[in-house]
Structure formats: structure tokens, C-alpha cells
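The numbers in the numbering used here rise by one with no breaks, and the one at position 16 of the sequence shown is 3. Accompanying notes for the structure given below.
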Amino acid sequence: MNGSALASVLRQAGVSRVLQPGDSGADATLGVFDTSIVFTPDAIVAASSIADVEATVTAAQRESVPLLAVGTGHGLLGNVSEGIVLATRELASVTVDVDARTARVTAGATWTDVLDATTPHGLAGLCGSAPGVGVISYLLGGGLGPIAREYGFSADHVRSLEVVTPAHGALTVSAEQHPELFWALRGGKSGLGIVVAVTIDLLPITTLYGGGLYFAAEIVHDVLHAVVDWAPGLPEASTASIALLRLPPAPSLPEQLRGRSVAHVRYASTQDAAAAEAELAPIRRIATPLVDTTRSLPYSEIGTIHGDPSTPMPVMSGGLALQPLAAAHVDALLDAVGPDRDIPLSAIELRALGGALARPAAEPNAVGGRDAAWNLFVSAEPHGGTDPDDRRASVRTAIGAMSDVRGPVNLVNFVGKANDNAEVDACWSSDQARRLGTVRESADPLGILS
Ligand SMILES: Cc1cc2nc3c(=O)[nH]c(=O)nc-3n(C[C@H](O)[C@H](O)[C@H](O)COP(=O)(O)OP(=O)(O)OC[C@H]3O[C@@H](n4cnc5c(N)ncnc54)[C@H](O)[C@@H]3O)c2cc1C
């Protein structure tokens, strides 16, 4: 079906705003973080109500047309050249139930929206390292946040979801209602339905102790070895990671960091400052950091701990779950992509997992990779306009350096365009994948959702 025929089918189905690629307002409607994604679908729906979503899913199912929802566009794995793109940003809302300690978050909302709504009540949702990321897709993929070793995956704290499936229309799913779909949506990521809202637990957290220690390139070797020894042994109240960063000469960065290669140790703890500082002491003893942002901070400033990029950019990234790391693995990584290598990587991040992440959720779900000890995430931002093929190759170099120690199941939120198909497919154990396949077949028998 061509674009204008599809647009009229959608309008007849009751969809209020249908655009074509290139229409004025189409790019702003999508508003994706990853600016390298080219959108040439047959139609773009700018959903402004749940009724729009229902009408779109019904029409797509009836016409057997591919349908892709877009949140904030942090996790799209390729260009979109057919079917319907359903832009959800205009649906965004957050409603807090202070007594129940929950928030209902609709599609299109970001973790910043959640922080803004919950902070005045002294409550917190379990967001990721970058609060600009969309809530729904983050949760569909499990969700690994800066205090994850204490609370587990964010999806473990989802109470219910409101979803529109091609086969069954609008459903509210929870432990009691449609439990198999509830299991699948929390970690199964895609092919299950368009989620219009999610109700999440809020926690009475108002402050954290945490931040980042940035160390100079000359001591990256010592810092990386030390963090790999230290982070897995921290109590569950503390979560740490390290990123080897090649920073641009951006005026927005502190002068000591501009244009430099550094090791960035990130740390967040719900313990008090004295206990947290005692834990940080072995890392501080290595050397004086170039920049130190650790402090008691309001939970609403959680995004400053990792300091992830927030400005839209062409994304090229990849991830790999890892088993426990030995010194030889650290050396292999440094040898392949350390600061003295001329390679267009912007970040090589190792997040220590374990703790509550390794335990099943109270209400089991489809999150994969719980057994992993570390998550490797590699990203190649185009400082200096490097060619996408070179950037992809450089991400593959980092992933390849760790292939001996890869875990059996990857974390789906961290696989990216630089991952190969086998790595993307390995986001669930074979039992999980079989069970997810059955749920997907029931929810979307024509396979229109991508
Ligand atoms: C800078 C950065 C930092 C990040 N930090 C973390 C982190 O700390 N922890 C973590 O776990 N992940 C993290 N991620 C990964 C991120 O959680 C995922 O990429 C997530 O999918 C992004 O959500 P989005 O709204 O941008 O999804 P999009 O990129 O818009 O979409 C991704 C996929 O989700 C589907 N989707 C979107 N909305 C819906 C919906 N309403 N219903 C059904 N399907 C939908 C899309 O169809 C698509 O398949 C990070 C990513 C980036 C770029």
C-alpha cells in the first residue's frame, strides 16, 4: 500500500494526525536522539491519545502493515523504510499516587519527566544513567540504573502495563491479569504490543552519595585494574562502573578534561557520606583525580553521576555481557582500545553487575543477562566526522577483545547497531527465547511489530 492510501486508511480508522516523511513537523514529531536514523516509512502517526494508538494498531493489523513505535529514539537499531512509525512523544504524562508510592507513566515520557513529578513528594523511580531516555522502552528492555546492584533491574519494579496488542487490542496486564504477557513485557523488549502506560513502584529515596572521579590517561591502566578488582566486592548499597572516555575539546567540559583521554569511575551509594567515602578510599589512593564530582546529591541529579551525552547525535554502539574479569582480560581490552590506540571510540564502559541484579524479580520476568558479572558498552561518537564504517569497526574491536569472556546472554538495552545478529539474538536464554516466542506469536500473530 502506498503512503497516501495508508494515510487515508489511518484517518478513516480515526487517527487524528498522520504525516509523511518530509512533511513539515515530521522530524520534530519524531524528535529522536539518534540523528543517524533515516525515516522513510509510508506513514508517521503523531499519536496524541491512547485512542490514536488503538486505531493505529487496528489499522496496521487489518492491512498487515509493519508498525514501529518510537519513544525518544535512543535505542533504534536501523533505518525505517516501510510501514507505519508511531511517534509517542505527545502522549507523555506522569501521574503520581503518593499514598500507593506508584507513578503511572505514559508512552513518550522520559525519566526526567518522572524525576520532575516524583521529587517534590520525596519519591524516586529507578531510572537509568541518562534521564533523557524514554521510560517505556527502557523498562521493556529491563533497565539497568546507577543504583541497580541494590534494587535490581528497573523492570522488576513494574506493577502493571497498559498495552495495545495486534491480536487482542487494549489490555491491562499485571501479575493477576494476563500474567504471561506481563512476564514477557518486562524484559522481552519488542514484538509484544505498543505499551501506552506503565505503573511503576516509587522508592522513598531523596539523596545519594556519588559522582565521578576522572583520572588522566597515564594511569588508566592502574585505575581500570583497580576498579575491576574493587567494584564487584562493594556492598549492594553501592554500584560502580568505569568508562574509558575520549572527550571532545568541548567548551562545556571542565578545562582539565577537554580533548583528553580519561578513565571515569562512576559510583552511587544509598549509604551515608562517611561509609561511601571509606569505600572510595582505595580508588582515591591511586592518584589525585583530574576532576572529582562525588558528593551528597539530590536523587533528581542522578544523571550527573555518569554524565552521559544528552544532545542528539549519530549513535554507533554495541554491548556485550561479560563473565567475571581477570587481569588478562583488562590487559586485552587496554591493548585493543586503550588510550594509546588511535581509534575513534568515545566511550568504553564496564558496569559492575551482581547484587540484586542477579536475583529473580519478586514477580518473575523476561529480563535476560541476570547472571552476567559485567556489562560492556562501547560507543563511537563521531568526533571529527569519522566514517560510520570505521566507527562500527572500532566498536567491534572492543567487543572482539572481550569475546573470550563474554557471557551467554546479553542485556538487550545495551545491544546496538554495531552488534552482530548473533549477539542481538543472544539477549535471552534459550528457555526465555522459546517462551517469548510463544507470547509474541499470540500477541502479534502476523508479526507486524518490530
Ligand atoms: C545515552 C544513553 C544512555 C542509556 N543509558 C541506559 C541505562 O543506564 N540503562 C539501560 O538499561 N539502558 C540505557 N540506555 C538504553 C535505552 O534504555 C534503550 O535504548 C531504550 O530502548 C531507549 O528508549 P527510547 O524511548 O529511546 O526507545 P526508542 O529508541 O524510541 O525505541 C527503541 C525500541 O523500543 C520500542 N518502543 C519504543 N516505545 C515503545 C512503546 N511505547 N511500546 C512498545 N515498544 C516501544 C521501539 O519500537 C524500538 O523497537 C541508554 C541509551 C543511551 C543512548
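For glycine and all other residues, C-beta sits at the position ideal for the given N, C-alpha and C.
Does DSSP classify H(-5) as helix, strand or coil?
Residue identity differs from the one stated: residue -5 is Ser in this sequence, not His. Helix.
Nearest to A90 by alpha carbon, out of G70, A263, P276 and A104?
Ranking G70, A263, P276 and A104 by Cα distance to A90 puts A104 first.
Suppose the cutoff is 6 angstroms on Cβ atoms and the five residues either side in sequence are ignored; what does the same chain contact list for I134 look like?
Result list for I134: T226 and A255, in chain order.
Do you know how far the Cα of A323 is from the Cα of T82?
One C-alpha to the other measures close to 47 angstroms.
What ranges does the alpha helix (DSSP H) occupy inside the segment 197 to 222, keeping only unbroken runs of at least 4 residues that lie completely in it?
Here the runs fully enclosed are 207 to 217.
Could you check whether the Cβ of S147 sits closer than 7 angstroms to any heavy atom belonging to ligand 1?
For ligand 1, not one heavy atom lies less than 7 angstroms from the Cβ of S147.
Who are M300's beta bridge partners in DSSP?
Answer by DSSP bridge pairing, in chain order: D21.
Rounded to whole angstroms, what is the Cα-Cα separation between G58 and A117?
In a straight line, the C-alpha of G58 is about 14 angstroms away from that of A117.
Tell me whether the segment 388 to 407 and the segment 302 to 322 touch, counting them as touching only if at least three CB pairs, one residue from each stretch, are closer than 8 angstroms.
They touch, by the three-pair rule.
In terms of alpha-carbon separation, which member of W361, Q243 and R173 lies closest to P395?
The shortest C-alpha separation from P395 is found at W361.
What does DSSP give as the partner residues of E149 in its beta bridges?
Bridge partners of E149: T159 and A184.
Looking at C-beta atoms only, is the number of pairs between the segment 154 to 170 and the segment 196 to 213 that lie closer than 8 angstroms three or more?
No: the two stretches stay apart, fewer than three of their Cβ pairs being nearer than 8 angstroms.
In the DSSP output, which residue or residues are listed as bridge partners for L179?
Bridge partners of L179: none, in fact.
Tell me the start and end of each unbroken beta strand (DSSP E) in the segment 359 to 422 that is at least 3 residues and wholly inside, in chain order.
Entirely contained in the segment 359 to 422, the beta strand (DSSP E) runs reaching 3 residues are, in chain order, 361 to 366.
If you measure between the beta carbons of V392 and Q258, is that distance less than 8 angstroms?
No, Cβ-Cβ distance for V392 and Q258 is not below 8 angstroms.
Quick one: grab the DSSP three-state call for V83.
V83 falls in the strand class under three-state DSSP.
Would you kindly report the start and end of the unbroken alpha helix (DSSP H) that includes Y286?
Where Y286 is concerned, there is no enclosing alpha helix (DSSP H), given that its DSSP letter is neither H nor E.
Just checking my contact of I229 with V249 at CB under 8 angstroms: how many whole Å lie between their CB atoms?
At roughly 10 angstroms, the Cβ-Cβ gap does not stay under 8 angstroms, so I229 and V249 are not in contact.
Between which two residues does the alpha helix (DSSP H) containing A224 stretch?
Run containing A224: none; DSSP gives neither H nor E here.
Do S283 and Y201 have their C-beta atoms closer together than 8 angstroms?
No, the Cβ-Cβ distance between S283 and Y201 is not below 8 angstroms.
What residue range is occupied by the uninterrupted alpha helix (DSSP H) comprising I37?
Here the alpha helix (DSSP H) through I37 covers I37 to E50.
So what does DSSP say about E242, is it helix, strand or coil?
In this structure, E242 counts as coil in the three-state DSSP scheme.
Classify F26 as helix, strand or coil using the three-state DSSP reduction.
Note: F26 maps to strand in three-state DSSP.
Within 10 angstroms of the Cβ of P331, are there 16 or more other Cβ atoms? Answer buried if so, exposed if not.
It is buried - the Cβ of P331 has at least 16 other Cβ atoms within 10 Å.
Just verifying my parser: in three-state terms, what is the DSSP assignment at R76?
Correct three-state label for R76: helix.
Is the closest heavy atom of ligand 1 to the C-beta of N400 under 7 angstroms?
Flag set: Cβ of N400 near ligand 1.
Do V185 and L126 have their C-beta atoms closer together than 8 angstroms?
Contact flag set, yes.
Which of the three DSSP states, helix, strand or coil, is assigned to T93?
Of the three classes helix, strand and coil, the one that applies to T93 here is strand, per DSSP.
Say the cut is 7 angstroms; is the CB of Y125 nearer than that to a heavy atom of ligand 1?
Yes, the Cβ of Y125 comes within 7 angstroms of a heavy atom of ligand 1.
What number of angstroms, rounded off, separates the C-alpha of A213 from the C-alpha of I270?
Looking at the two C-alpha atoms, the distance is approximately 7 angstroms.
DSSP beta-bridge partners for G132?
Paired residues: none, contrary to the question.
Cβ of F20 versus every heavy atom of ligand 1: is any distance shorter than 7 angstroms?
Correct: F20 has its Cβ closer than 7 angstroms to ligand 1.
Quick one: is P28 buried, meaning 16 or more other Cβ sit within 10 Å of its Cβ, or exposed?
Answer is buried; the Cβ neighbour count reaches 16.
Excluding five sequence neighbours on each side, which residues of the same chain lie with their C-beta closer than 6 angstroms to the C-beta of T43?
Result list for T43: V2, V32 and L73, in chain order.
Determine the contact status of L234 and L244, defining contact as a CB-CB distance below 8 angstroms.
In contact: L234 and L244 (Cβ atoms closer than 8 angstroms).
Is it the case that the CB of D143 approaches a heavy atom of ligand 1 more closely than 7 angstroms?
Outside the cutoff, so no.
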